[in-house]
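Q: Handing you this structure, nothing more for now.
Residue numbers (the numbering used here): 521 to 688.
This is the structure we're talking about:
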């Protein structure tokens, strides 16, 4: 019978993805399927430092200073865009609130977007870029820096693993 530390270090297959956002546009980027321990799969997800959206491509920068360029001809299947459809509330000045009121405000559901508030759109990179330019009146902006939102490390079942191996 395996002990706890051996079970913890056993490798499985994981789908690893990250989500980055700029204002109300979110980018879900699939890093791939990895055979790893749960900890190593999370480290893979955490290895992305930032994503820059340019007019015809995206640059994914990793924490080790390596980068990859994604365009609509290369790795198109690895990303998808989502738009937050929740109505925008006016900005609020948090510094005017007491610490207790600030904590209550931060937890206010009216300002928190959920998965139900996201609509997947079938956009290419150029369409997403033009959307941000238009939406935020940034016609002179040549790039948009996306900031980290979340990561997904999803264990794949043995059945799915076999299916993936046969598909390649």
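Built from N, CA and C at the ideal position, the CB exists for glycine as well. These figures come from a predicted structure and were not determined experimentally.
Taking the alpha-carbon positions, what's the residue 643 to residue 618 distance?
A: Indexing the chain shown from 1 puts residue 643 at position 123. Indexing the chain shown from 1 puts residue 618 at position 98. Near 42 Å, if we compare the C-alpha coordinates of residue 618 and residue 643.
Q: Using a 10 Å radius around the Cβ and a threshold of 16 neighbouring Cβ atoms, would you call residue 547 buried or exposed?
A: Numbered from 1 along the chain shown, position 27 holds the residue referred to as residue 547. Classification for residue 547: buried.
Q: Return the chain-ordered list of same chain residues with a C-beta closer than 7 Å to the C-beta of residue 663, the five sequence neighbours on each side being excluded.
A: For the purposes of this step, residue 663 is taken as residue 143 along the chain shown, with counting starting at 1. If we look at residue 663 and ignore the five residues flanking it on each side, its Cβ neighbours are 572, 573, 574.
Q: Compute the Euclidean distance between the alpha carbons of residue 635 and residue 667, then round it to the nearest angstrom.
A: The sequence position of residue 635 within the chain shown is 115, counting from 1. The sequence position of residue 667 within the chain shown is 147, counting from 1. Taking the straight line from one Cα to the other gives about 17 Å.
Q: What do you get for residue 542, buried or exposed, if any count of 16 or more other CB atoms within 10 angstroms of its CB means buried?
A: Reading the chain shown from its first residue, position 22 is the one you call residue 542. Label assigned to residue 542: buried.
Q: Residue 672 by DSSP, collapsed to three states: which one?
A: Locating residue 672 in the chain shown gives position 152, where the first residue counts as 1. Three-state DSSP puts residue 672 in a strand.
Q: Since residue 591 sits in a beta bridge, which residues does DSSP pair it with?
A: Walking along the chain shown from the start, residue 591 turns up at place 71. The partner list for residue 591 (beta bridge, DSSP) reads 577.
Q: Between the alpha carbons of residue 530 and residue 569, how many angstroms are there, rounded?
A: Within the chain shown, the letter at position 10 stands for residue 530. Within the chain shown, the letter at position 49 stands for residue 569. Computed Cα separation, rounded: 27 Å.
Q: Assign residue 559 to one of two classes, buried (16 or more other C-beta atoms within 10 Å of its C-beta) or exposed (fewer than that).
A: As a position in the chain shown, residue 559 is number 39, starting the count at 1. By the 10 Å Cβ count, residue 559 comes out exposed.
Q: When DSSP builds the beta bridges, which residues end up paired with residue 599?
A: Counting from 1 along the chain shown, the entry for residue 599 is found at position 79. DSSP, once it has assigned bridges, lists 549 as partnering residue 599.
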